[in-house]
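Student:
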Amino acid sequence: MSPPQTRSQARDPHQLRINSYRVLLSRGRDGFIVFVPQEPLMDTTYQVLISAGLNQL
C-alpha cells in the first residue's frame, strides 16, 4: 500500500485557474458549456472565447 499523497500548495492562484480551464476544455468529448458571468471584468475573456469559435447559447 502506498503512502497517502499530500496536496501541493498552489503558489500562484492565477496559474492554478489557467490549468483548471485547460483540463476542463481538453476533456470535453461530446461538448461543453462555458459560463462567463456578465461582468465588465469578464468582457475580454468572453471576446477571446467567441473569437476562438465558441457559440453563444
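Residue numbers (the working numbering): -2 to 54. Just so it is clear, CB atoms sit at the ideal spot from N, CA and C, and this is done for glycine as well.
Taking the straight line between their C-alpha atoms, what separation do you get for S23 and G50?
Tutor: 15 Å
Student: Assuming the contact rule is C-beta atoms closer than 8 Å, M39 and V31 should be a hit. Round their C-beta distance to whole Å, please.
Tutor: The Cβ separation is near 11 Å, so there is no contact.
Student: Could you spell out where the alpha helix (DSSP H) holding N16 opens and where it closes?
Tutor: 10 to 24
Student: State the DSSP-derived secondary structure class of D27, mapped to helix, strand or coil.
Tutor: coil
Student: Out of curiosity, what's the CA-to-CA distance linking R8 and L46?
Tutor: 27 Å
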